[in-house]
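What follows is a single structure, written as structure tokens, with notes after it.
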Amino acid sequence: MSNEFEVPSEDELREMTPEQLMIVGAEADGIHITHRRDRFPLRGTKAEKRAERGVAAAFTLAALGGVGFIVAFCAMPWHWHLPGTPQNFRFFNITLGVLLALMLLGMGVGLVLWAKWLMPEEEVIQDRHDDPSSEEDKIMTEGTLITGLADTGLPRRSLILRSLGLAGGAIATVPLVALVGGMIKKPGNALVETLYKPNKRLFPESGGRVPLVYDDWRRVSPDDLEPGGIATVFPGVHKEIDGVNGVTSASSPTLLIRLRPGQKVQARKGQASFGWPANNPEYVAFSKICTHAGCPASLYEQQTTRLLCPCHQSQFEVLEDAKPVFGPATRSLPKLPLDVVTGADGAQYFVARSDYVEPIGPGFWNRK
Amino acid sequence: MTSGTPRRSDQPRTPQGKVGKFFDERLTLAGPMRKQLNKVFPDHWSFMMGEIALYSFIILLLTGTYLTFFFDPSMAEVVYHGRYVPMQGITMSKAYESTLNISFDVRGGLIVRQIHHWAALLFLAAMLIHMFRVFFTGAFRKPRELNWLIGLGLIALGIIEGFAGYSLPDDLLSGTGLRIADAIMLSIPIIGTWVAFLIFGGPFPGDVIIGRFYIAHVLLIPAILAALIGAHLALVVRQKHTQFAQAGHTEHQVSGERVYPLYAAKAGGFFFIVFGVCAALGGLAQINPVWLYGPYNPAQVSSGSQPDWYMMFLDGSTRLMPSWEIRLWGYDLPPLFWPTVVLPGILFTLAGIYPFLEAKMTKDTKKHNLLQRPRDVPVRTSLGAMAITFYMVLFLSGGNDLIAKAFDISLNAMTWGGRIALIILPPLAYLLTYRVCLGLQRHDREVLEHGLETGIIKLLPHGEFIEVHQPLGPTDEHGHGQLSYAGTPVPKRMSQLGAASPLKHIRGFFYPVKEKPEIQAQLDELEAAEVQERDTEHVLESSAAGSTHTGED
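See below:
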């Protein structure tokens, strides 16, 4: 429709009111104002004044909210204090939120009401012009593209084409290699070994076997646990390797469980002697790292002797050597071979006879 | 509005005119600017979802920039000495310490942190609901398939951005999430181990991941998001909005209000309203209280460890996955791989190809600018309902431990219930939705044919009771309506036909507005004139429509 519309002459336009010019200008762009109505054709009616006051009230509230925010921000107590002491700091965040919301909502509601109550209502139709390009345009553009390509000579200069392809490939690959190459780390044995690996130099007293410790580095003694009790223990390796030590390494956490009298663990093949005492285990230790997604499987139900991982609810039956019995986990929690040695001070403490015999934690492609 | 003005001169005299002249002489703005100021936006509430998404993105940029002034993305260990007494003396990463500082030692820091988190939740939610709107109304059809794909990219990136963001505080909850992310990477066949070591710079957790996630969260992903949002909006401007079918709406035009001033005021106002709601949430509703979780420690986890809502469906799919591990030639394919890598891959691929698939199946090569009512496309609507049901089962399963606890149900029963529901409920949702769509279609036809129920019961002379029906238009000799269905809402209540509604004509909220008698008289006169004009127009319109109307159904 805009094609049919003829823009009036400059002289005619200069005689028009702004509103007429707006309508003509819209029409020139294919925008047709089909309905336009002043919401208050009579100026100064009570209804109009009320609408105006409403909008102004919203803006005023916004201003008040802003002022209130600044006052509250500067004047209100906000330092956290322990329960039992004055707790009025707790109102700080709430007050800020309410006043900020008042400011923003006042502004927003004011603008919307202004448009809905006071600005003239209108219905406007705009032509879409979303037809595909004209045939002429398409043909000419096609010719332009073909000519440009012919000008480069690429279609017949295959030598340039191929070498350009190689250069482009190099330019695309080099940043990738530089970034990825810089970030690459060889997994090596990191997923297979833990800090329980015996170390003669660090622990000569126990023949290199790594002592079990609590997270405060106290050694774990067989007397610490009540029957049915459970403790999270770690390899007592103080030395920092890559920023982690025995307590902070993610592969370390181990659950030491003292069975109740009469409870027997049905050991997996070759792991019957991993508990302590070896012939009739009262203590067993499993990796705490879930073999599914690596969360600590830390909820132990004494009654059902099940370990539950709270992330995806895999459940492991302790009496069956932490075999997965429910949920998405597929592998038993690896079992740590235990032993007890007597220290120079005469105190008994747990050690790991060797590292875990299988990788702990979530599965991975080349896990043996 | 038509007061006479003096003849315009060709030289600007006002300051505004001079500014305009300055820019026009350099940029030739007058024409293009007028066209943009007059651009027409359709007005429908469901179109606000995309706006909410856009505005929450802006809020995220604003509050996020604030947070960078105080946050330290370092995993170096420090001992906490801040104002939050219960944490004093505890060793933690600088990232966690600075998050505590934002919450307790920066005046007003907590509210900005909370607004940021709420806006992130809102951003994802608004995008998803916007996507539903676009899907169910067929707005994704040609020519808008490209924008559908960009939108999907925005949702996928938004999820990654959100995950990276809530991982930054390095608290116990987010650290657990990172641990799972590491396990997911490890589960990828062949390259998994190398990918995980590349991202984490060694075995989990290493000491670089927070710094890397930080730069991804504040620069890389937001830059891509901003570029995609720009492209998304540019396509909307280029292709113009869709609109619902109604009298006067055609495929070749778009109806609504112009940007300047109506739409600009409404949209600008709406931005502040969205911001205001986020501010209220940030002040009144606690979100992610990391000081209650403690610093990350690989040996600890708390029960009820739920991620932010947009990750819940992946958590749910992981929980429902049976313990199927595949071993091939001595290599391992962990069960984690399917629900966290393959499943989202399939979901996004299906969503991505849907517009093309639907066009192919329905052999539809036309452009569509008018939206469809969901009931009129029962297959698509039912597929959508099926997808949402599938998603909801996964979503709820992500919190199945909380549900089990709240309703005292066995956790294992919840898991099995989820597994069964995931298979059974989506087809049921399909069937149910299909029936509902057909029922609604039939009711539309029925009202068009027999008219509306008026609620008036008439006793005929021979004793029969009948209900009086109000036809919607002209009827034939049997009293059947002659209007055919045109894809627009059919009135279902007498009040929608303008039947008496006592409240409608009283103006004023607290008390009615009473104008002075002489002013009221003038107003009545104006209104009468308007009504008369409208009626004349209506007669003209309907006679015109009657001549062109064909019985397309």
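These protein sequence lines are chains Z and B, in that order.
341 is the number that the numbering used here gives to position 339 of the first sequence; each next residue is one higher, with no gaps.
205 is the number that the numbering used here gives to position 175 of the second sequence; each next residue is one higher, with no gaps.
Glycine residues also receive a C-beta, built at the ideal position from the N, C-alpha and C atoms.
Fair warning: this is a prediction, and the values are worked out from it, not measured in the lab.
Quick check: the Cα distance between B:P501 and B:L482, rounded to an integer number of angstroms? Taking the first residue of the second sequence as position 1, residue 501 of chain B is located at position 471. Taking the first residue of the second sequence as position 1, residue 482 of chain B is located at position 452. Computed Cα separation, rounded: 6 Å.
Mind checking who B:K488 pairs with in its DSSP beta bridge? Start at 1 with the first residue of the second sequence, and residue 488 of chain B comes out as number 458. Per DSSP, the beta bridge partners of B:K488 are B:I496.
Per DSSP, what are the beta-bridge partners of Z:A65 in this structure? Taking the first sequence and counting its residues from 1, one reaches residue 65 of chain Z at position 63. Residue pairing by DSSP places Z:A65 in no beta bridge whatsoever.
Any C-beta of chain B within less than 9 Å: which residues of the stretch 216-243 of chain Z qualify? The stretch 216-243 of chain Z vs chain B, Cβ under 9 Å: D217, T234, F236.
Using a C-beta to C-beta distance shorter than 8 Å, which residues of chain B count as neighbours of Z:K290? Translated into positions along the first sequence, residue 290 of chain Z becomes position 288. Neighbours of Z:K290 on chain B, chain order: A329.
Taking B:H282 as the query, report the chain Z residues whose CB atoms sit under 7 Å from its CB, ordered along the chain. For this step, residue 282 of chain B is matched to residue 252 along the second sequence. Contact note: B:H282 reaches chain Z through D129, R130, using a C-beta cutoff of 7 Å and chain order.
Three-state secondary structure (DSSP) of B:M24: No answer is possible for residue 24 of chain B: it lies beyond the span of chain B, which begins at 31 and ends at 583.
Are B:S123 and B:P325 close, meaning C-beta to C-beta below 8 Å? In the second sequence, counting from the first residue as 1, residue 123 of chain B sits at position 93. In the second sequence, counting from the first residue as 1, residue 325 of chain B sits at position 295. It is a contact, given that the beta carbons lie within the stated cut-off.
How long is the line joining the alpha carbons of Z:D357 and B:H247, rounded to whole angstroms? Position 355 of the first sequence, counting from 1, holds the residue named residue 357 of chain Z. Position 217 of the second sequence, counting from 1, holds the residue named residue 247 of chain B. Each residue's alpha carbon lies about 38 Å from the other.
Can you tell which of B:I259, B:Q283, B:G61, B:R64 has the C-alpha that lies nearest to the C-alpha of B:M157? By 1-based counting over the second sequence, the position of residue 157 of chain B is 127. Minimum Cα distance to B:M157 is reached at B:I259.
Counting only Cβ pairs nearer than 7 Å, list the residues of chain Z close to B:S197. Here residue 197 of chain B refers to the residue found at position 167 when the second sequence is read from its first residue. By Cβ distance, chain Z contributes nothing, its closest Cβ being about 15 Å from B:S197, past 7 Å.
Can you give the beta carbon distance from Z:L106 to Z:G70, rounded, assuming they're within the 8 Å contact cut? The residue you call residue 106 of chain Z lines up with position 104 of the first sequence. The residue you call residue 70 of chain Z lines up with position 68 of the first sequence. Not a contact, Cβ separation roughly 13 Å.
Backbone CA spacing between B:E191 and B:K296 [nearest angstrom]: On the second sequence, residue 191 of chain B is found 161 positions in, with the first residue counted as 1. On the second sequence, residue 296 of chain B is found 266 positions in, with the first residue counted as 1. For B:E191 and B:K296, the gap between their C-alpha atoms comes out near 29 Å.
Using the rule of at least 16 other Cβ atoms within 10 Å of the residue's Cβ for burial, across every protein chain shown, is Z:H131 buried or exposed? One-based indexing of the first sequence puts residue 131 of chain Z at position 129. Counting the other CB atoms within 10 Å of its CB gives Z:H131 a total below 16, which places it among the exposed residues.
Would you kindly work out how many angstroms separate the C-alpha atoms of B:Y293 and Z:G68, rounded to a whole number? Locating residue 293 of chain B in the second sequence gives position 263, where the first residue counts as 1. Locating residue 68 of chain Z in the first sequence gives position 66, where the first residue counts as 1. B:Y293 and Z:G68: Cα-Cα distance of roughly 25 Å.
If you draw a straight line from the C-alpha of Z:A346 to the C-alpha of Z:R211, how long is it? Translated into the one-based positions of the first sequence, residue 346 of chain Z becomes position 344. Translated into the one-based positions of the first sequence, residue 211 of chain Z becomes position 209. Note on geometry: alpha-carbon atoms of Z:A346 and Z:R211 lie some 15 Å from one another.
Less than 8 Å between CB atoms is the rule here; does B:G299 satisfy it with respect to chain Z? Position 269 of the second sequence, counting from 1, holds the residue named residue 299 of chain B. Residue contact with chain Z for B:G299: present (Cβ-Cβ distance below 8 Å to some residue of chain Z).
State the Cα-Cα distance for the pair Z:D225 and Z:E284, rounded to the nearest angstrom. Residue mapping note: residue 225 of chain Z aligns to position 223 of the first sequence, counting from 1. Residue mapping note: residue 284 of chain Z aligns to position 282 of the first sequence, counting from 1. As the crow flies, the alpha-carbon of Z:D225 is around 12 Å from that of Z:E284.
Within its chain, find whatever has a CB closer than 7 Å to the CB of B:R174; leave out the 5 residues flanking it on each side and keep chain order. As a working mapping, residue 174 of chain B is identified with position 144 in the second sequence. Counting only Cβ-Cβ distances below 7 Å, and skipping sequence neighbours, we find Q269.
Under 8 Å, do B:P404 and B:F166 count as touching if we go by C-beta distance? Here residue 404 of chain B refers to the residue found at position 374 when the second sequence is read from its first residue. Here residue 166 of chain B refers to the residue found at position 136 when the second sequence is read from its first residue. Taking 8 Å as the Cβ cut-off, B:P404 and B:F166 qualify as a contacting pair.
Output, in chain order, the set of chain Z residues within a Cβ distance shorter than 8 Å of B:T445. For the purposes of this step, residue 445 of chain B is taken as residue 415 along the second sequence, with counting starting at 1. Within chain Z, the residues near B:T445 are Q315, F328, G329.
Should B:E582 be labelled buried (16 or more other beta-carbon atoms within 10 Å of its own) or exposed? To locate residue 582 of chain B, count along the second sequence from 1; it is residue 552. Residue confidence for B:E582 is low, a pLDDT of 37 falling below 50, so the modelled location carries little weight and cannot support an answer.
Based on DSSP bridge pairs, tell me the residues matched to Z:L340. For the purposes of this step, residue 340 of chain Z is taken as the residue at position 338 of the first sequence. Looking at the DSSP assignment, Z:L340 forms a beta bridge with Z:A354.
Does B:V70 get closer than 8 Å to chain Z when you measure Cβ to Cβ? On the second sequence, position 40 is the one that residue 70 of chain B refers to. Answer yes: the Cβ-Cβ gap between B:V70 and chain Z drops below 8 Å somewhere.
My guess is that B:P233 and Z:L193 are in contact by the Cβ rule of under 8 Å, so how many angstroms apart are they, rounded? If you number the second sequence from 1, residue 233 of chain B lands on position 203. If you number the first sequence from 1, residue 193 of chain Z lands on position 191. In this structure, B:P233 and Z:L193 form a Cβ contact; the two beta carbons are roughly 7 Å apart against a cut-off of 8 Å.
If you pair each beta-carbon of the stretch 341-353 of chain B with each one of the stretch 123-139 of chain B, do three or more pairs fall below 8 Å? Below 8 Å, too few C-beta pairs join the stretch 341-353 of chain B and the stretch 123-139 of chain B to call them touching: fewer than three.
Report yes or no: do the stretch 212-219 of chain B and the stretch 359-373 of chain B share at least 3 C-beta pairs separated by less than 8 Å? With contact defined as three or more Cβ pairs closer than 8 Å, the stretch 212-219 of chain B and the stretch 359-373 of chain B are in contact.
Tell me which same chain residues have a C-beta within less than 8 Å of the C-beta of B:L198, skipping the five on either side of it? Here residue 198 of chain B refers to the residue found at position 168 of the second sequence. The residues are F101, P103, A125, T129, S204, I240, F243, Y244, H247.
For the candidate residues B:H111, B:Y515, B:S335, B:V304, whose alpha-carbon lies nearest to that of B:G406? If you number the second sequence from 1, residue 406 of chain B lands on position 376. The amino acid occupying residue 406 of chain B in the given sequence is Asp; Gly does not appear at that position. It is B:Y515 whose Cα lies nearest to the Cα of B:D406.
Could you work out which residue in B:V109, B:F134, B:M117 is closest to Z:F91 when comparing CA atoms only? Your numbering for residue 91 of chain Z matches position 89 in the first sequence. Ranking the options by Cα distance to Z:F91, first place goes to B:F134.
B:F99: buried (16+ other C-beta within 10 angstroms of its C-beta) or exposed? Position 69 of the second sequence, counted from the start, is the residue given in the question as residue 99 of chain B. Label assigned to B:F99: exposed.
Let me know if Z:W367 comes out buried or exposed under the rule of 16 or more other beta-carbons within 10 Å of its beta-carbon. Along the first sequence, read from residue 1 onward, the residue named residue 367 of chain Z stands at position 365. It is buried - the Cβ of Z:W367 has at least 16 other Cβ atoms within 10 Å.
Nearest by alpha-carbon distance to B:F420: which of B:W178, B:L432, B:I496, B:A451 is it? As a first step, residue 420 of chain B must be located in the second sequence, where it is residue number 390. Ranking B:W178, B:L432, B:I496, B:A451 by Cα distance to B:F420 puts B:A451 first.
Listing by chain order, which chain Z residues have their CB less than 7 Å from the CB of B:I549? Numbered from 1 along the second sequence, position 519 holds the residue referred to as residue 549 of chain B. By Cβ distance, chain Z contributes L44, T47.
Can a CB atom of chain B be found closer than 8 Å to the CB of Z:T196? The count along the first sequence starts at 1 and reaches residue 196 of chain Z at position 194. By this cut-off, Z:T196 is not an interface position.
Mind checking B:K546: buried by the 16 CB within 10 Å criterion, or exposed? Translated into the one-based positions of the second sequence, residue 546 of chain B becomes position 516. By the 16-neighbour rule on beta-carbons within 10 angstroms, B:K546 is exposed.
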